[in-house]
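*Asks:*
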Amino acid sequence: MSGMWRVADVVGVHEETTTARTIRLRLPEPVRFLAGQHVDVRLTAPDGYQAVRSYSVAGATPPDSLEITVDELPDGEVSPYLVRDLAVGDQLEVRGPVGGWFVWRPEETSPVQLVGGGSGVVPLMAMVRAHAMAGHPAPFRLLYSVRAPESVFFRSELETLARDDTFDVTYVYTRRAPDGEPVGRLDAATLAANVLNSGSDPAVYVCGATGFVEAVSGWLVELGHSPDRIKTERYGGVGGAS
Amino acid sequence: MSDYLDGNALAGPLSEVFSIDITAALGKCGGCGAVRALAQAHLYVDAPAKILRCPSCGGVLLRLDERGGRLILDLSGFAHLTIQVG
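Chains Z and S, in that order, give the protein sequences. This note's numbering runs 780 ahead of the 1-based position in the first sequence. This note's numbering runs 12 ahead of the 1-based position in the second sequence.
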């Protein structure tokens, strides 16, 4: 769970996009994981310099494996290494999974609306997977704001999961869209047209960059969603968002 | 003021000291009385110590200073914390 650094083995890597990659880690002992949690990753340079960053967990496979999906920040201190250089057989120091706030638990029964911007979709994907894994009856909706079609993480799995009656995904393309689909930043009207109505009192999870999270939460409140039902997470980690 | 993170990002460092997750606890600001989960407060990591500020009044809620194998945790900005147990 928590409390100390452990050495995890990198057992798989998968390119999500040209700048993002999913890394499968195996920990030395069983992992307790709640969908939405993150891990801290610590890198140590030969001279002893250490850098710590937080990454959302995209999913876990009991008993001891979990996946993080990392988007490369060009000026980053840690993410370029994780996306470009890390290989199967390498090891990483990991603390967690941790966090008890931005989490979805299968014992919750209310409908769930997820709103993700860019790589903010990662912890939401963990919730979508946990919902599917549990065969959970509550309606789940994901509104996914993304730059372009080739920037979408987890696309084929999302399409497969959306065949289930309880889950649906809507994409908002901000820079370039597939033929025939609109392009433009998420705005209040698009949000209103694509999220669960506040009348069904859904639990809402919003994750993305600070500006995205603040705009979306403001619009949700204007749509009648109670601030108490909206949980937000901005990306970034201890030590800077890289 | 510089860009900030969510208090959520303190979950790892605080897991070094607490056996349960403290970021989900509700903290009452000693300055303005606003009540919010620690995970939703604003975390500044540019300073030598990590500083958690109240989103309502900007007052310092928590200061976490880690150096030389010692950790100094200053919670004096809170009036109190409400922690869900079990």
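A virtual CB, placed ideally from N, CA and C, is assigned to each residue, including glycine.
Note down, in chain order, all residues in the stretch 880 to 897 of chain Z with a beta-carbon under 9 Å from any beta-carbon belonging to chain S.
*Replies:* Those residues of the stretch 880 to 897 of chain Z that come within reach of chain S (Cβ to Cβ, closer than 9 Å) are G880, W881, F882, V883.
*Asks:* For a contact meaning CB atoms closer than 7 Å, what does V878 (chain Z) contact in chain A?
*Replies:* Although the question refers to chain A, the structure presented lacks it and instead comprises the protein chains Z and S.
*Asks:* I think A983 (chain Z) touches V892 (chain Z), with their Cβ atoms under 8 Å apart; what is that distance to the nearest whole Å?
*Replies:* As a working note, residue 983 (chain Z) is residue 203 in the first sequence. As a working note, residue 892 (chain Z) is residue 112 in the first sequence. So it is a contact: roughly 5 Å between Cβ atoms.
*Asks:* Distance, Cα to Cα, G856 (chain Z) vs P877 (chain Z)?
*Replies:* In the first sequence, counting from the first residue as 1, residue 856 (chain Z) sits at position 76. In the first sequence, counting from the first residue as 1, residue 877 (chain Z) sits at position 97. Going from the Cα of G856 (chain Z) to the Cα of P877 (chain Z) covers about 22 Å.
*Asks:* Should S834 (chain Z) be flagged as near chain S, meaning a C-beta pair shorter than 7 Å?
*Replies:* On the first sequence, position 54 is the one that residue 834 (chain Z) refers to. At least one chain S Cβ lies under 7 Å of S834 (chain Z).
*Asks:* Give the range of the beta strand (DSSP E) segment to which G988 (chain Z) is assigned.
*Replies:* Within the first sequence, the letter at position 208 stands for residue 988 (chain Z). Run containing G988 (chain Z): 983 to 988, per the beta strand (DSSP E) assignment.
*Asks:* Taking the Cβ atom as the reference point for each residue, do V850 (chain Z) and Y835 (chain Z) lie within a distance shorter than 7 Å?
*Replies:* Residue 850 (chain Z) sits at position 70 when you count from the first residue of the first sequence. Residue 835 (chain Z) sits at position 55 when you count from the first residue of the first sequence. Going by C-beta atoms, V850 (chain Z) is nearer than 7 Å to Y835 (chain Z).
*Asks:* Examine the Cβ distances between the stretch 65 to 79 of chain S and the stretch 49 to 56 of chain S and report whether three or more of them are shorter than 8 Å.
*Replies:* Enough Cβ pairs lie closer than 8 Å, so yes.
*Asks:* Taking 7 Å as the threshold (C-beta atoms), are T94 (chain S) and L26 (chain S) in contact?
*Replies:* On the second sequence, residue 26 (chain S) is found 14 positions in, with the first residue counted as 1. On the second sequence, residue 94 (chain S) is found 82 positions in, with the first residue counted as 1. No; because the gap between Cβ atoms is not below 7 Å, this pair is not in contact.
*Asks:* Among the residues of its own chain, which have a CB less than 7 Å from the CB of T970 (chain Z), if the five just before and after it don't count?
*Replies:* The residue given as residue 970 (chain Z) occupies position 190 in the first sequence. Around T970 (chain Z): V952.
*Asks:* Can you check whether the C-beta of D820 (chain Z) is within less than 7 Å of a C-beta belonging to chain S?
*Replies:* On the first sequence, residue 820 (chain Z) is found 40 positions in, with the first residue counted as 1. Closer than 7 Å to some Cβ of chain S, the Cβ of D820 (chain Z) qualifies, so yes.
*Asks:* I'd like to know whether the C-beta of E857 (chain Z) is nearer than 7 Å to at least one C-beta of chain S.
*Replies:* Counting from one through the first sequence, the residue named residue 857 (chain Z) turns up at place 77. False, the Cβ-Cβ gap to chain S never drops below 7 Å.
*Asks:* What does the Cβ neighbour count give for C44 (chain S), buried or exposed, with the cut at 16 atoms within 10 Å?
*Replies:* Locating residue 44 (chain S) in the second sequence gives position 32, where the first residue counts as 1. So C44 (chain S) ends up on the exposed side.
*Asks:* Considering only the alpha carbon of each residue, which of Z:V790, Z:G964, Z:H818, Z:K1011 lies closest to G24 (chain S)?
*Replies:* Walking along the second sequence from the start, residue 24 (chain S) turns up at place 12. That would be Z:H818, whose Cα lies nearest to the Cα of G24 (chain S).
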